[in-house]
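*Asks:* Heads up: the sequence lines are chains P and V, in that order.
6 is the number of the first residue of the first sequence in the numbering used here; add one for each residue after it.
71 is the number of the first residue of the second sequence in the numbering used here; add one for each residue after it.
Beta carbons: idealized from backbone N, C-alpha and C, even for Gly.
In this text, all values refer to a predicted model and were calculated from it rather than measured experimentally.
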Amino acid sequence: MKKFLIQLSLFLTIVIALNYIYIFYIDNLPQNAKSSKNAIFIWGDSQTCQGLNLKMMKELTGKYIYSSAKHGAGIYDFLVFADKVPENSTVLVAISKPVQLRKLNKDRNLSGTSLFSLIQLYENNYSSSDIYSIFQKNLIPINFYEVSTKLNPCKDSLNYKSQILIYKNIFSQIPYYLNDKQNLYLEGIKKLKNKKCKINFIEFPLHPMAIELLNNSEVRDATNQLNTKILALFNNSTLDTIPIDNSTNIMSDFSHLNKCGANQITRLLIAKLNNNLNTTLYVTKFDPK
Amino acid sequence: MLFNSIDFAIFLPVIFILYWFVFKRSLKLQNALIVIASYLFYGWWDYRFLSLILFSTLIDYSIGILLQKQEDKRKRKILLWSSILVNLGLLGFFKYYNFFLDNFISAFSLFGSEIKVGSLNIILPVGISFYTFQTLSYTIDVYKKKLQPTKNFIEFAAFVSFFPQLVAGPIERATNLLPQFQKERKFKYEQAIDGLRQILWGLVKKIVIADNCAIFANRIFDNYTDFNGSTLVLGAIFFTFQIYGDFSGYSDIAIGTSRLFGFKLKQNFAFPYFSRNVGEFWRRWHISLSTWFRDYLYIPLGGSNGGIGKKIRNTFLIFIVSGFWHGANWTFIAWGFLNALYFIPLLLLNRNRTHVDSVAKGKYFPSISDFFGMLTTFGFTVFAWIFFRSENLSDAFKYINIIFSKSLFTIPEIRPSIIIILLFLFLIIEWVGREQQYALEFTKIKSNRFIRWSFYILLIFIIVKFGGIQQDFIYFQF
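Below you can see the structure in the form of structure tokens.
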């Protein structure tokens, strides 16, 4: 037994030591920037991952692009992001409607341990078991920022049959946690504001059929109110529209753009960002032309 | 409590320390600790169903003692059937009630009669199929006088509820496990190290292989109409590895954990995807369930003795029952039926007992015929898993229909290169270790500590770096 315990302790010590070296390494990777100089920090979920061409953004802005947009990203991820972003940074945030509506346990919530964010969740009616499961899965260090993402290929058509059912279900009713989630997003935004960040928001497009489903549901107003609340947080905020050309298919499914769409929106967004000093919420809309 | 959770990472060392340091000198106390730990482990999920395990334990414990005292054949039979009816009754109610009700209603509606009976909102108790079969094996063995019943209730309760294998097996026979609760257990360094090694490999299978494959298998199966044929083939292959990684990973962790406490459980998976025909596959896949059905159903029915008709009947019966054991859905029955279809030609040609040794024993590479045997068996298996994974039979047939369309010859729309590389590396390790009880066991042979530890640390790194999103073990639902 003695030999077993010694060997096991030795092995675990080595593993823990290497783990810390790995954390140190991750924290010091070039993409895990600690400086706000000449950089744009992005947060969003899969819509953002598929909706922005990060390499193109870097070329067009001449700035470093650090994206912590992840598939299924949730409120915990946003709170950690708000906590980690350096002061005085330029930030682009996309809080989509599916992000607001997604079930609590379906949120990715995988951004490393942050006590501040866990406390925020606790103060906003997250159950202790939910918080515990988030704490548990965040014990392992992860790479926080990405500098490139893989975009969905451009396709002529979209098979939408199964998507209709999914989105009917998503938009079927206002979830009980919507208000708490929205409040938490507002808390995160306030934190960014207190850090004196220059914040811009973007709402990526949904497929016209998904928009139709949304417009016929009570979820529309409930999710739209977040935009109003966000803009109310800032003195000189504006709402702007990015018209998008839909003459070729730019969607890969009901809520995600394909590469053609991502390139188009990246170009249009950067043109707007370069000429804008105010906090702005950019809403992408299909150009009726 | 999940094996791949922080709860278990705390629970296991605490129980280990109590077991070997505090209760070391008393076998009774050690067994009592196992019962308490097992009930805690199970109650972590839902404490209400502990009463069900306790009830099942009490019934079979009492019937075991009564069987020993009773010599009258008729009365012994009544006792045996009481146990079978109670155990299968509970299983039937919790697992199959709604299935039978729905099908009963559907059958009547075919004749124009409409029956209005509401189905019940029944929660399936985790692991009920596993511990029910384990306790049944005890009663049947006592009835057949292969085993002396125990008079010690704690021993029996520990046997039924032994936490490493309580919720997803391996389904242990009383003849193997119960005697281990009856004799003093000594801590053995080699056994404990081996246990840890097997736990590590089980975690790799579960977290790296199964959880990663699950992401893509779920995405493809849930939206199969959106993808081309080649992507659906990939989806079926991902599910093939998901279910193997998930279930055999669980078994490895269960066996490894048992070894830490001085127990030896039977091997449950013996590298089934390296099988050269379906007969071999079924000797290597979920061994504890296959042998259970063989010993308690197939052989009592006459096995492969008798005429061709009887052989075919028994084979279909055992495979269909095995499919139905997995869940109350026609998809599982179809999966069992399909495997019976695969198996019967081998049985009739007397080739079902070939390939007893592991493939390419003592060699690096298989022969060409072995390789093609493995490839075709794997193909058949992947095809059968489509039924197992689909929501219903209609979805399964539509899925297959899309596979066998022109789009089969197009490039897959999903190509997760990292997971494919991980699967490839996984298969290499499994291949190298295929003659052992579990793949990683090969590392204890012919390698010094530095290489061994470096390799284990690399595996831990892979778990940390490439682990998929935590998913429940698939077999919990069975």
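#1: So what's M71 of chain V in DSSP terms, helix, strand or just coil?
#2: Using DSSP with H/G/I as helix, E/B as strand and the rest coil, what is Y150 of chain P?
#3: Just checking: is the beta-carbon of K8 of chain P within a distance shorter than 8 Å of some beta-carbon in chain V?
#4: Unbroken beta strand (DSSP E) runs of length 3 or more, entirely within the stretch 223-298 of chain V: which are they?
#5: Closest Cβ-Cβ distance between L219 of chain P and chain V: below 8 Å?
#6: As a quick exercise: from P:E192, P:L144, P:D82 and P:K195, pick the residue whose alpha carbon is nearest that of Y150 of chain P.
#7: For N347 of chain V and H425 of chain V, which I take to be in contact (beta-carbon distance under 8 Å), what is that distance rounded to the nearest angstrom?
#8: Check the C-beta distance from L270 of chain V over to L529 of chain V and give it rounded, since I have them as a contact under 8 Å.
#9: So, at 6 Å on beta carbons, what are the nonlocal neighbours of S4 of chain P in its own chain, with the 5 sequence-adjacent residues on each side left out?
#10: Cβ of I11 of chain P less than 8 Å from any chain V Cβ?
#11: Listed from N- to C-terminal order along the chain, which residues in the stretch 72-94 of chain V have their beta-carbon within a distance smaller than 7 Å of any beta-carbon of chain B?
#12: Just to check my reading of the structure: Q55 of chain P and A267 of chain P have Cβ atoms closer than 8 Å, yes? What is that Cβ distance to the nearest angstrom?
#13: Measure the C-alpha to C-alpha separation of P195 of chain V and T401 of chain V and round it to an integer number of angstroms.
#14: State whether the stretch 75-92 of chain P contacts the stretch 187-197 of chain P, with contact taken as three or more CB pairs (one from each stretch) at a distance under 8 Å.
#15: Cβ of N205 of chain P within 8 Å of Cβ of T284 of chain P?
#16: With distances taken Cα to Cα, identify the nearest neighbour of Y259 of chain V among V:F331, V:F525 and V:E461.
#17: Can you name, in chain order, every residue of its own chain whose Cβ lies under 8 Å from the Cβ of L238 of chain P, other than the five neighbours on each side?
#18: Between the C-alpha atoms of N281 of chain P and W48 of chain P, what's the straight-line distance to the nearest angstrom?
#19: Tell me whether the stretch 433-443 of chain V and the stretch 363-382 of chain V touch, counting them as touching only if at least three CB pairs, one residue from each stretch, are closer than 8 Å.
#20: What is the rounded straight-line gap between the Cα of P91 of chain P and the Cα of T446 of chain V?
#21: Which complete alpha helix (DSSP H) runs does the stretch 354-385 of chain V hold, if anything under 4 residues is left out?
#22: Is any beta-carbon of chain P found at less than 8 Å from that of F453 of chain V?
#23: Determine the chain P residues that contact Y259 of chain V at a beta-carbon separation under 9 Å, and present them in chain order.
#24: Helix, strand or coil: how does DSSP classify M6 of chain P here?
#25: Tell me whether M62 of chain P is buried or exposed, calling it buried when 16 or more other Cβ atoms sit within 10 Å of its Cβ.
#26: Please confirm whether L296 of chain V has its beta-carbon closer than 8 Å to some beta-carbon of chain P.
#27: Below 7 Å on C-beta distance, what does F298 of chain P contact in chain V?
#28: State the start and end residues of the unbroken beta strand (DSSP E) segment that holds N248 of chain P.
#29: Are the beta-carbon atoms belonging to L218 of chain P and F176 of chain P less than 8 Å from one another?
#30: Please look up how many angstroms separate the CB atoms of F531 of chain V and T513 of chain V, rounded, as I've assumed it's under 8 Å.
#31: Check the Cβ of N293 of chain V against every Cβ in chain P and list those closer than 7 Å, keeping chain order.
#32: Look at the Cβ atom of L492 of chain V, then the Cβ atom of V278 of chain V, and state whether they are nearer than 8 Å.
#33: Compute the Euclidean distance between the alpha carbons of W352 of chain V and F78 of chain V, then round it to the nearest angstrom.
#34: For the alpha helix (DSSP H) that E128 of chain P lies in, which residues bound it at each end?
#35: For L115 of chain P, name the three-state secondary structure that DSSP assigns.
#36: Report the option in P:L211, P:L278 and P:Q230 whose CA atom is closest to the CA atom of A103 of chain P.
*Replies:* On the basis of the coordinates in this document:
#1: Taking the second sequence and counting its residues from 1, the one referred to as residue 71 of chain V is at position 1. The answer is coil: DSSP assigns M71 of chain V none of H, G, I, E or B.
#2: Here residue 150 of chain P refers to the residue found at position 145 when the first sequence is read from its first residue. Reduced to three states, the DSSP call for Y150 of chain P is coil.
#3: In the first sequence, the residue the question calls residue 8 of chain P occupies position 3. Judged by the 8 Å Cβ criterion, K8 of chain P is in contact with chain V.
#4: none
#5: Taking the first sequence and counting its residues from 1, one reaches residue 219 of chain P at position 214. Answer no: the Cβ-Cβ gap between L219 of chain P and chain V never drops below 8 Å.
#6: By one-based count along the first sequence, residue 150 of chain P stands at place 145. Closest option to Y150 of chain P, Cα to Cα, is P:D82.
#7: The residue given as residue 347 of chain V occupies position 277 in the second sequence. The residue given as residue 425 of chain V occupies position 355 in the second sequence. The pair is a contact, with the Cβ atoms about 6 Å apart (cut-off 8 Å).
#8: Here residue 270 of chain V refers to the residue found at position 200 of the second sequence. Here residue 529 of chain V refers to the residue found at position 459 of the second sequence. Right, their Cβ atoms sit about 6 Å apart.
#9: An answer regarding residue 4 of chain P cannot be provided, because it is not within the stretch 6 to 294 covered by chain P.
#10: Residue 11 of chain P sits at position 6 when you count from the first residue of the first sequence. No, I11 of chain P lies away from the interface with chain V (no Cβ there is under 8 Å from its Cβ).
#11: Absent here is chain B; the protein component of the structure consists of chains P and V.
#12: As a working note, residue 55 of chain P is residue 50 in the first sequence. As a working note, residue 267 of chain P is residue 262 in the first sequence. Contact flag correct, Cβ pair sits at about 6 Å.
#13: Taking the first residue of the second sequence as 1, we reach residue 195 of chain V at position 125. Taking the first residue of the second sequence as 1, we reach residue 401 of chain V at position 331. If I take the Cα positions, the gap works out to 21 Å.
#14: yes
#15: By one-based count along the first sequence, residue 205 of chain P stands at place 200. By one-based count along the first sequence, residue 284 of chain P stands at place 279. Yes. Within cutoff.
#16: Translated into the one-based positions of the second sequence, residue 259 of chain V becomes position 189. Ranking the options by Cα distance to Y259 of chain V, first place goes to V:F331.
#17: As a working note, residue 238 of chain P is residue 233 in the first sequence. For L238 of chain P, where only same-chain residues beyond five positions count, the Cβ hits under 8 Å are L191, I194, K195 and K198.
#18: As a first step, residue 281 of chain P is located in the first sequence; it is residue number 276 there, counting from the start. As a first step, residue 48 of chain P is located in the first sequence; it is residue number 43 there, counting from the start. About 19 Å.
#19: no
#20: For the purposes of this step, residue 91 of chain P is taken as the residue at position 86 of the first sequence. For the purposes of this step, residue 446 of chain V is taken as the residue at position 376 of the second sequence. Rounded to whole angstroms, P91 of chain P to T446 of chain V spans 56 Å at the Cα level.
#21: 357-363
#22: For the purposes of this step, residue 453 of chain V is identified with residue 383 of the second sequence, where counting begins at 1. Not closer than 8 Å to any Cβ of chain P, the Cβ of F453 of chain V fails to qualify, so no.
#23: Residue 259 of chain V sits at position 189 when you count from the first residue of the second sequence. Result: M6, K8, F9 and Q12.
#24: Working through the first sequence from its first residue, we reach residue 6 of chain P at position 1. Three-state result, M6 of chain P: coil.
#25: Translated into positions along the first sequence, residue 62 of chain P becomes position 57. So M62 of chain P ends up on the buried side.
#26: Position 226 of the second sequence, counting from 1, holds the residue named residue 296 of chain V. Going by the sequence as given, residue 296 of chain V is Asp instead of Leu. Yes, contact with chain P.
#27: An answer regarding residue 298 of chain P cannot be provided, because it is not within the stretch 6 to 294 covered by chain P.
#28: Here residue 248 of chain P corresponds to residue number 243 of the first sequence, with the count starting at 1. Per the sequence presented here, residue 248 of chain P reads as Pro, with Asn not at that position. Here the beta strand (DSSP E) through P248 of chain P covers T243 to I249.
#29: For the purposes of this step, residue 218 of chain P is taken as residue 213 along the first sequence, with counting starting at 1. For the purposes of this step, residue 176 of chain P is taken as residue 171 along the first sequence, with counting starting at 1. Contact flag set, yes.
#30: Counting from 1 along the second sequence, the entry for residue 531 of chain V is found at position 461. Counting from 1 along the second sequence, the entry for residue 513 of chain V is found at position 443. With 8 Å as the limit, F531 of chain V and T513 of chain V do not qualify as a contact, their Cβ atoms being about 16 Å apart.
#31: As a position in the second sequence, residue 293 of chain V is number 223, starting the count at 1. Residues of chain P passing the Cβ test: S167.
#32: Translated into positions along the second sequence, residue 492 of chain V becomes position 422. Translated into positions along the second sequence, residue 278 of chain V becomes position 208. Yes, the Cβ-Cβ distance between L492 of chain V and V278 of chain V is below 8 Å.
#33: On the second sequence, position 282 is the one that residue 352 of chain V refers to. On the second sequence, position 8 is the one that residue 78 of chain V refers to. Going by the C-alpha atoms only, they are around 31 Å apart.
#34: By 1-based counting over the first sequence, the position of residue 128 of chain P is 123. E128 of chain P -> alpha helix (DSSP H) spans L120 to E128.
#35: As a working mapping, residue 115 of chain P is identified with position 110 in the first sequence. Coil at L115 of chain P, not helix or strand.
#36: On the first sequence, residue 103 of chain P is found 98 positions in, with the first residue counted as 1. Here residue 103 of chain P turns out to be Pro, not Ala, going by the sequence shown. Nearest C-alpha to P103 of chain P: P:L211.
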